[in-house]
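For the protein sequence lines, the chains are A and F, in the order given.
Each residue of the first sequence is one higher than the one before, starting from 2 at the first, in my numbering.
Each residue of the second sequence is one higher than the one before, starting from 2 at the first, in my numbering.
Note that CB positions come from ideal geometry on N, CA and C, so glycine has one too.
Have a look at the structure below before the remarks.
Number of protein chains: 2
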Amino acid sequence: MSAIRLAPSAERVPYSRIRELAEIAMTMDGVLKLYFGESNLPTPQFIKDAAAQALADGHTFYTSNAGYPSLRRAIAEKYRELHGVELDTEEIVVTASGVQALNAGIRCVLDPGDEAIVLTPAWPNASAIVTMCSATPREIPLCLAGDRYVIDFAAVESAIGPQTRLLVYTSPSNPLGWTTTGQDQERLLDLCRRRGLWLMADEVYERLYYGGPVAPSILRRCTRDDAVMVPQSFSKSYCMTGWRLGWLVARRDLARQAAQLNEFIVSHAPAMTQKAGEIALRDGETGVAEMVARLRENRDYALSVLRQVPGATVPCPDGAFYLFPRIDGLRDSFEFCRRLLVQKRVGLAPGVAFGAGGEGSIRICYAADRTVLGPAMERLADFLRARPAC
Amino acid sequence: MSAIRLAPSAERVPYSRIRELAEIAMTMDGVLKLYFGESNLPTPQFIKDAAAQALADGHTFYTSNAGYPSLRRAIAEKYRELHGVELDTEEIVVTASGVQALNAGIRCVLDPGDEAIVLTPAWPNASAIVTMCSATPREIPLCLAGDRYVIDFAAVESAIGPQTRLLVYTSPSNPLGWTTTGQDQERLLDLCRRRGLWLMADEVYERLYYGGPVAPSILRRCTRDDAVMVPQSFSKSYCMTGWRLGWLVARRDLARQAAQLNEFIVSHAPAMTQKAGEIALRDGETGVAEMVARLRENRDYALSVLRQVPGATVPCPDGAFYLFPRIDGLRDSFEFCRRLLVQKRVGLAPGVAFGAGGEGSIRICYAADRTVLGPAMERLADFLRARPAC
Chain A
2 MSAIRLAPSA ERVPYSRIRE LAEIAMTMDG VLKLYFGESN LPTPQFIKDA
52 AAQALADGHT FYTSNAGYPS LRRAIAEKYR ELHGVELDTE EIVVTASGVQ
102 ALNAGIRCVL DPGDEAIVLT PAWPNASAIV TMCSATPREI PLCLAGDRYV
152 IDFAAVESAI GPQTRLLVYT SPSNPLGWTT TGQDQERLLD LCRRRGLWLM
202 ADEVYERLYY GGPVAPSILR RCTRDDAVMV PQSFSKSYCM TGWRLGWLVA
252 RRDLARQAAQ LNEFIVSHAP AMTQKAGEIA LRDGETGVAE MVARLRENRD
302 YALSVLRQVP GATVPCPDGA FYLFPRIDGL RDSFEFCRRL LVQKRVGLAP
352 GVAFGAGGEG SIRICYAADR TVLGPAMERL ADFLRARPAC
Chain F
2 MSAIRLAPSA ERVPYSRIRE LAEIAMTMDG VLKLYFGESN LPTPQFIKDA
52 AAQALADGHT FYTSNAGYPS LRRAIAEKYR ELHGVELDTE EIVVTASGVQ
102 ALNAGIRCVL DPGDEAIVLT PAWPNASAIV TMCSATPREI PLCLAGDRYV
152 IDFAAVESAI GPQTRLLVYT SPSNPLGWTT TGQDQERLLD LCRRRGLWLM
202 ADEVYERLYY GGPVAPSILR RCTRDDAVMV PQSFSKSYCM TGWRLGWLVA
252 RRDLARQAAQ LNEFIVSHAP AMTQKAGEIA LRDGETGVAE MVARLRENRD
302 YALSVLRQVP GATVPCPDGA FYLFPRIDGL RDSFEFCRRL LVQKRVGLAP
352 GVAFGAGGEG SIRICYAADR TVLGPAMERL ADFLRARPAC
């Protein structure tokens, strides 16, 4: 191979340790897979029908970089319905997935050498995107106070330096299931206003919430002039992971810049998936409610199994579809998950994949059929009971 | 609005002047639109059927970051068939559009402060992506020698500095229709090997070629160890612009890194569009041949009109679906196109949008129905004949 190399700044972007574990699993048969953040349910038929109809109707051409105006209006309408928030379509950019919303939004605010605060444990992609921008993530772990996670505001404040431009958090949290309180949101907004930071609230799990029909958005509390952005996705709410469709709500100037950058990232989300997204928003409420009821049963079942195992500590989550138990004495969660995979054929995500505060825990995605979740939880419980130190 | 600003490095990414003109056109009625690089033909029915079937078959879940193995195998098979080139699937990454292949590929090789040579006039996205990477594009225009464009190798050599990492060219060219000769390819490869540069050959128009069934790929001439990458797209060959599906062929280490970065850009192309892409590759040959025959007629027609107008110089293109006439005395192609739009309701792309060497020309996309192309060319000819200096 020639001596011409890749860019060090690209090589520094860390590979997902969840994907790394999944790759081992993909070489094996009969694995009960709970490592990805994906429901086992296929996309509802009415959404698939909408995509087929969009193709028949000729939606096979370029759309604008910000997405079809009709979809942007449907998203604005959904915020009015769910959150009582009035958005202008100019504040909404359709993206080709939730992660693409994170990517475009973060790229709009970070220069090389900048820093971003990321509240962790968290899905690794926000920190990785900060690194892709040749900027530096500063991860501040949430703390377990009694049976609830809390933001360590003092640690956040002291991590903010002259190069800090952005604070990212996820609520409902992947992997914790923790959800911000109204007081958390006010304090985060106050802090970001005071310290001159952009605030990114990843709310892609807002519909998977056990305290009501939707987790209250930060958009209810901020003004349209606040330096706030909210990535969203169709993946979790409508079982559309494979479709790669999402959006970004942001202050008008950022939304405009993100749409411009879209031209050079992916141009726009596919035309026919955008049309399907419109129908998902319009007709998806019954499906969301049924899915959340099923997820609540799964959550309660998985919690009940874990609580019979000594040495596993796990608060009851407010939202999302994960449990993230802390395992007493666990120092190498990747090795734990690797052994669990090889010995018991159960695939979980190692806590170390979720950044600062993640090591020592494992992530279970309970959005699985009970015929998978049941034996997986039993094998995990057996493994924990018999566990050697690792 | 708060004082918290966007990142200067994001604001520096220039907006497409084609999109800028299109936005004016979208406020008007009855415009004959030839400004985008998009055929007027909808996607063939068998490809739409394949997508509907993929949805019915349950392709609604995550795929791997590099795309379905079956699609990567189909792409490798197509290179064997068209170019006699043997590729390993590890050298192929499926992307969510041609531009996403450019984006991931360029990001893999540029650090902030690096430089890239871009042969122009060219679709602006390569230079814009270089800027998005906080690197600097150095645009070197092709020169018109008689009735053919040629690469100014001396200018390229002298533009290469210690920070230069990459040379990008497009063949068949958007907007020129110019296609590299075998000798061009050998000289470009030699230059890049000698000067230690990555070579990106954007070949998305390879099937729209008037000299044979496919424009010969650089992959025929380089080894699998050369620092070469080729972005590709389903958009132009199969009338799939709105689907956002493409791929990148690259040296194994770059392909691996690009797949990893995909995780943080868009994760993967939608599952059902990937399956449709497989069928397009398998069953699309008749459609490609028919489309190219029709494009050749349109090219010859549009050329014949232009050649009757004094003051317009345009070589006969080898490929793609554009004419890029140089207009005598034209100094502001955006203003020319704006006036043509307002006065004649014909939408063209201004040459200035295509970087160094583009000003003074206009781009006509002739992939239009003759009922649109005919009157558009006549109005353009009238406008040119009556043109005041501008």
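Item to check | alpha helix (DSSP H) runs wholly inside the stretch 285-344 of chain A, at least 4 long, in chain order | outcome: Correct list: 286-307.
Checklist entry - Could one say the Cβ of F:Gln261 lies closer than 8 Å to chain A's Cβ atoms, at least one of them? => result It does: the Cβ of F:Gln261 has a partner Cβ on chain A nearer than 8 Å.
Checklist entry - Relative to the alpha-carbon of A:Cys223, which residue among A:Leu192, A:Thr242, A:Tyr302 has its alpha-carbon at the smallest distance? => result Here the closest residue by C-alpha is A:Leu192.
Next on the checklist: At a CB distance below 9 Å, what residues from the stretch 53-72 of chain F approach chain A? Give them in sequence order.
Outcome noted: Here the close residues are Ala53, Leu56, Ala57, Gly59, His60, Thr61, Phe62, Tyr63, Thr64, Ser65, Asn66.
Checklist entry - Where in the stretch 95-151 of chain A do unbroken runs of the alpha helix (DSSP H), each at least 4 residues long, occur, reported from the N-terminal end onward? => result Taking only runs of at least 4 residues, the alpha helix (DSSP H) segments lying wholly in the stretch 95-151 of chain A are 99-110, 126-133.
Checklist entry - What residue from A:Arg208, A:Lys49, A:Glu39, A:Asp89 has the CA that sits closest to A:Leu72's CA? => result With distances taken between CA atoms, A:Leu72 lies nearest to A:Asp89 out of A:Arg208, A:Lys49, A:Glu39, A:Asp89.
Next on the checklist: So for F:Cys391, helix, strand or coil by DSSP?
Outcome noted: Annotation note: pLDDT 47 at F:Cys391 (below 50); position unreliable, coordinate value reported separately. It is coil, neither helix nor strand.
Checklist entry - Which one or two residues does DSSP pair with F:Thr185 in a beta bridge? => result Residue 185 of chain F is actually Asp in this sequence, not Thr. In DSSP, F:Asp185 forms no bridge with anything.
Checklist entry - Got a sec: is the Cβ-Cβ distance from A:Leu220 to anything in chain F below 8 Å? => result No, A:Leu220 does not count as interfacial toward chain F.
Item to check | Extent of the continuous beta strand (DSSP E) run through A:Tyr211 | outcome: Here A:Tyr211 belongs to no beta strand (DSSP E), and DSSP marks it neither H nor E.
Next on the checklist: Considering only DSSP beta bridges, list what F:Gln1 is partnered with.
Outcome noted: Summary: the structure shown does not reach residue 1 of chain F, with chain F confined to residues 2 through 391, and so no result is reported for it.
Checklist entry - So, helix, strand or coil for F:Ser362, using DSSP? => result Strand.
Checklist entry - Distance, Cα to Cα, A:Ile363 vs A:Cys338? => result Each residue's Cα considered, the two are about 8 Å apart.
Checklist entry - Given that a residue counts as buried once 16 or more other Cβ atoms are within 10 Å of its Cβ, and exposed if not, what is A:Arg18? => result Counting C-beta atoms within 10 angstroms of its own C-beta, A:Arg18 has 16 or more neighbours from the protein chains shown and is therefore classed as buried.
Item to check | Status (buried if at least 16 other CB within 10 Å, exposed otherwise) for A:Met201 | outcome: A residue is called buried when at least 16 other Cβ atoms come within 10 angstroms of its Cβ; A:Met201 meets this threshold and is buried.
Checklist entry - Would you say F:Asp376 faces chain A, with C-beta separation under 8 Å as the test? => result For the sequence presented, residue 376 of chain F should be read as Pro rather than Asp. Chain A contact via Cβ: absent.
Checklist entry - Can you tell me whether A:Gln275 is buried or exposed, with buried defined as 16 or more other CB within 10 angstroms of its CB? => result Under a 10 Å Cβ-count criterion, A:Gln275 is classified as buried, with 16 or more other Cβ atoms of the shown protein chains found around its own Cβ.
Checklist entry - Taking just the CA atoms, how far does A:Ala277 sit from A:Lys49? => result Each residue's Cα considered, the two are about 7 Å apart.
Checklist entry - Taking DSSP as the reference, what is the three-state secondary structure of A:Ile280? => result In this structure, A:Ile280 counts as helix in the three-state DSSP scheme.
Checklist entry - Is F:Tyr434 near F:Phe325, with beta carbons less than 8 Å apart? => result With chain F running from 2 to 391 in the structure shown, residue 434 of chain F is simply not present.
Next on the checklist: Does A:Gly243 come out as helix, strand or coil in the three-state DSSP assignment?
Outcome noted: In the structure shown, A:Gly243 falls within a helical segment according to DSSP collapsed to helix, strand and coil.
Next on the checklist: Quick check: the stretch 262-273 of chain A against the stretch 81-101 of chain F, are at least 3 beta-carbon pairs closer than 8 Å?
Outcome noted: Verdict: yes, contact present.
Checklist entry - CA-CA distance, A:Cys317 and A:Asp148? => result Approximately 8 Å, taken between the alpha carbons.
Checklist entry - Under 8 Å between C-beta atoms, does F:Lys34 make it to chain A? => result Among the residues facing chain A, F:Lys34 is not included, as its CB has no counterpart in that chain under 8 Å away.
Checklist entry - Is the Cβ of A:His84 closer than 8 Å to any Cβ of chain F? => result For A:His84, the answer is no, since every Cβ of chain F falls outside 8 Å of its Cβ.
Checklist entry - How do the stretch 229-238 of chain F and the stretch 6-24 of chain A stand: do at least 3 beta-carbon pairs fall below 8 Å, yes or no? => result Too few Cβ pairs lie closer than 8 Å, so no.
Next on the checklist: Please list, in chain order, the residues of the stretch 102-119 of chain F that have any C-beta partner in chain A closer than 9 Å.
Outcome noted: Result list: Leu103, Asn104, Arg108, Cys109, Val110, Leu111, Asp112, Pro113, Gly114, Asp115.
Checklist entry - Which value, in whole angstroms, describes the spacing of the CA atoms of A:Phe62 and F:Thr242? => result The alpha-carbon separation between A:Phe62 and F:Thr242 amounts to approximately 5 Å.
Item to check | Among A:Met230, A:Arg196, A:Ser159, A:Ser218, nearest to A:Thr180 - alpha-carbon criterion | outcome: Answer by Cα proximity: A:Ser218.
Checklist entry - To which residues of the same chain is A:Val315 closer than 8 Å at the C-beta, ignoring the five residues directly before and after it? => result Within the same chain, A:Val315 has close Cβ partners Leu304, Leu307, Arg308, Leu324, Phe325, Pro326, Arg327.
Checklist entry - Identify the residues that DSSP records as bridge partners of A:Pro376: which are they? => result Note: A:Pro376 sits in no beta bridge, so no partner.
Item to check | Cβ-based burial, F:Cys391 [other Cβ within 10 Å; buried from 16] | outcome: With a pLDDT of 47 at F:Cys391, under the threshold of 50, the modelled position of that residue is not reliable, and the figure given next carries that caveat. Classification of F:Cys391: exposed, given that the 10 Å Cβ count is below 16.
Checklist entry - Ordered along the chain, which non-local residues of its own chain (more than five positions away) have a Cβ less than 7 Å from that of A:Ser425? => result There is simply no residue 425 of chain A to check, as chain A begins at 2 and stops at 391 in what is shown.
Checklist entry - If you measure from the beta carbon of F:Ser268 to each beta carbon in chain A, is any gap under 8 Å? => result Interface with chain A (8 Å Cβ-Cβ cutoff): F:Ser268 is included.
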